[in-house]
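At the far end of the sequence shown sits residue 873, using the working numbering, and the numbering has no gaps. See structure below.
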Amino acid sequence: MRYISTRGEAPALGFEDVLLTGLATDGGLYVPESLPHFSLEEIRSWRGLPYSELAFKVMHPFVDDAIPADDFRKMLDETYSVFAHKAVAPLVQLDTNEWVMELFRGPTLAFKDFALQLLGRLLDYVLEKRKQHVVIMGATSGDTGSAAIEGCRRCEHVDIFILHPHQRVSEVQRRQMTTVQGDNIHNIAVRGNFDDCQRMVKESFGNQSFLGGKTQLAAVNSINWARIMAQIVYYFHASLALGGPDRSMAFSVPTGNFGDIFAGYLAKKMGLPISQLVIATNRNDILHRFMSGNKYEQHQLEHTLSPSMDIMVSSNFERLLFDLHGRDGLAVKTLLENAAKGPVSIEDYRWKHARKLFDSDAVDDKKTCDTIREIYEQNEYLLDPHTAIGVRAARNCRRDPAVPMITLGTAHPAKFPDAVAESGLTVEPPLPTHMADLFEREERYTVLDNDISGVQEFIAKHWKNA
Ligand SMILES: *Cc1c(COP(=O)(O)O)cnc(C)c1O
408 MRYISTRGEA PALGFEDVLL TGLATDGGLY VPESLPHFSL EEIRSWRGLP
458 YSELAFKVMH PFVDDAIPAD DFRKMLDETY SVFAHKAVAP LVQLDTNEWV
508 MELFRGPTLA FKDFALQLLG RLLDYVLEKR KQHVVIMGAT SGDTGSAAIE
558 GCRRCEHVDI FILHPHQRVS EVQRRQMTTV QGDNIHNIAV RGNFDDCQRM
608 VKESFGNQSF LGGKTQLAAV NSINWARIMA QIVYYFHASL ALGGPDRSMA
658 FSVPTGNFGD IFAGYLAKKM GLPISQLVIA TNRNDILHRF MSGNKYEQHQ
708 LEHTLSPSMD IMVSSNFERL LFDLHGRDGL AVKTLLENAA KGPVSIEDYR
758 WKHARKLFDS DAVDDKKTCD TIREIYEQNE YLLDPHTAIG VRAARNCRRD
808 PAVPMITLGT AHPAKFPDAV AESGLTVEPP LPTHMADLFE REERYTVLDN
858 DISGVQEFIA KHWKNA
């Protein structure tokens, strides 16, 4: 399997190189040159498979000969055995033909574990084979950092440095990062804001000379192809549980960077009958504005009760634009260069094509809280604010009540107690047992000034073989 850039000018790469690469050299994102396609008969034959075996069927064509089948199977068994539920991604019924797929049973209680638990193992496998080492550097305002740290805690060939804004992440989120023990795990609290952290990461990728050529930086952010790949699996899993592939499904996806929902789009292209995908956004609604009016325009960032969806642009949307433009990299490049300067539209027939599959909705904080309260009153089931946005959008955008509607449950409500409190409920979502002692665990992090040379010096000094 070969991977090509959405901007058409970077060299094609194999799976191993795509794994270790972030952006393509032309600024684009890597996508498979062609997708595997499964017949209904083949998908049907996967009914009843344990999650990790289904994951093997769906993902093996992407990994191809980079990893021998037996090794890949073993890796997947390990990856999905750390989830605290036998079904890995259990479905919970909300109403007649309406469901939530709980993707928050992993170590950090958010769906990002599905991809990052696998990514850590993939990286270590490939680096072992190549006798290489990488430094993962990332900035986080919450979720991604902890999932990445958990994913890399057992890696031999990876050191991970995660920057978070000092005293500006919630205590649960900070503790999920800083209580993970491991010599290769380094938490840095920067005396600055999230943008400062992000800028330092970006500049460091641009000039890695501070590492002295002895190791190299790698990124695990949501544009990493392997993360998208791992997210395709649970669309198949949900469909098979509810009578697919002999009936089609609708999914509603709480969306930020468009990674999770793009995986659903790929599942459809690979042969899974999906008749509708709902893009559920918060007030940061660039995708909703595009889907409803064919205008793609950046607005100011808004801080909401669903912080993991607070974005100005959705990086993975470029991958969909690439397909909508007949995989013409130059057209995508031009469009996105223009989009950096002001509002852009795409040709009407391309936009209408996207609208055949995608609907969208933007849900503000008040409606998010209303939905948390409503679902609790109806079912005594507690939603986190991100999932609540998905459920609200699912109900607003539903096309056909005969088609099962599945909202992706992206986080556990205990991660976001403030939103639950703001909804007026007096219940407090408890942390699951395996995390109940989070507030007693020892924390490890270093506070550094908002200064890139100090941060780079720290990294150069503290990675494994420094
Ligand atoms: C990351 C995240 C999202 C958004 O997912 P994308 O793939 O960026 O669209 C939604 N909900 C939660 C809880 C998240 O952590």
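Each residue gets a CB set at the ideal place from its N, CA and C atoms; glycine is no exception. Here the structure is a predicted model, which means the values were calculated and not measured.
Query                                                                                                  : Result
Rounded C-alpha distance that separates Leu737 from Ala747                                             : 16 Å
Phe665 beta carbon near ligand 1 (any heavy atom closer than 6 Å)                                      : yes
Contact the segment 698-705 vs the segment 464-471: 3+ CB pairs below 8 Å                              : no
DSSP bridge partner residues for Ala769 (one or two, in chain order)                                   : Thr688
Check whether Ala496 and Leu483 have beta carbons under 7 Å apart                                      : no
Whole-number beta carbon distance between His819 and Leu516, since they are thought to touch under 8 Å : 4 Å
contact_flag[the segment 802-811, the segment 502-522] where n(CB pairs < 8 Å) is 3 or more            : yes
Assigned secondary structure, Tyr410 (DSSP; H/G/I helix, E/B strand, else coil)                        : strand
Residue interval of the beta strand (DSSP E) (run including Ser659)                                    : Met656 to Pro661
Beta carbon of Ser721 nearer than 7 Å to that of His793                                                : no
Whole-angstrom C-beta distance between Pro572 and Gly599, which should lie under 8 Å                   : 6 Å
contact_flag[the segment 448-464, the segment 631-643] where n(CB pairs < 8 Å) is 3 or more            : yes
Assigned exposure category for Gln574 - 16 Cβ within 10 Å defines buried                               : exposed
Whole-angstrom distance between Arg851 and Leu764, CA atom to CA atom                                  : 46 Å
Contact check, Ser553 vs Met584, beta carbons under 7 Å                                                : yes
Cβ-based burial, Leu570 [other Cβ within 10 Å; buried from 16]                                         : buried
Contact between the segment 784-793 and the segment 474-490 (3+ Cβ pairs under 8 Å)                    : no
His793 CB to nearest heavy atom of ligand 1 below 6 Å                                                  : yes
Contacting residues, own chain, Cβ-Cβ under 8 Å from Leu694 (five flanking each side not counted)      : Thr662, Phe665, Ile686, Thr688, Ser721, Phe724 and Ser767
Ile595 (DSSP reduced to helix, strand or coil)                                                         : strand
Met656 versus Ala670 - alpha carbon distance                                                           : 14 Å
Asp825 Cβ short of 6 Å to ligand 1 heavy atom set                                                      : no
Span separating the alpha-carbon of Asn631 from that of Val425                                         : 8 Å
heavy atom of ligand 1 below 6 Å from Asp768 C-beta                                                    : no
Cross-strand partners of Gly545 (DSSP beta bridge)                                                     : Ile569
Pro661 CB to nearest heavy atom of ligand 1 below 6 Å                                                  : yes
Nearest-angstrom Cα separation, counted from Met607 out to Phe511                                      : 30 Å
Segment contact, 8 Å Cβ cut-off, at least three pairs: the segment 560-570 with the segment 518-538    : yes
Neighbour-count burial assignment, Tyr410, 16 or more Cβ in a 10 Å radius                              : buried
Extent of the continuous beta strand (DSSP E) run through Val854                                       : Thr853 to Asp856
Where Ser646 sits in the DSSP three-state scheme                                                       : helix
Segment limits, beta strand (DSSP E) that includes Ala554                                              : Segment Asp550 to Cys559 is the alpha helix (DSSP H) holding Ala554; no beta strand (DSSP E) there.
Buried or exposed by the 16-neighbour rule on C-beta atoms within 10 Å, applied to Gly651              : buried
Residue environment, Val798, which counts as buried when at least 16 other CB atoms sit within 10 Å    : buried
For Ala625, the residue or residues it bridges with in DSSP                                            : Ile543
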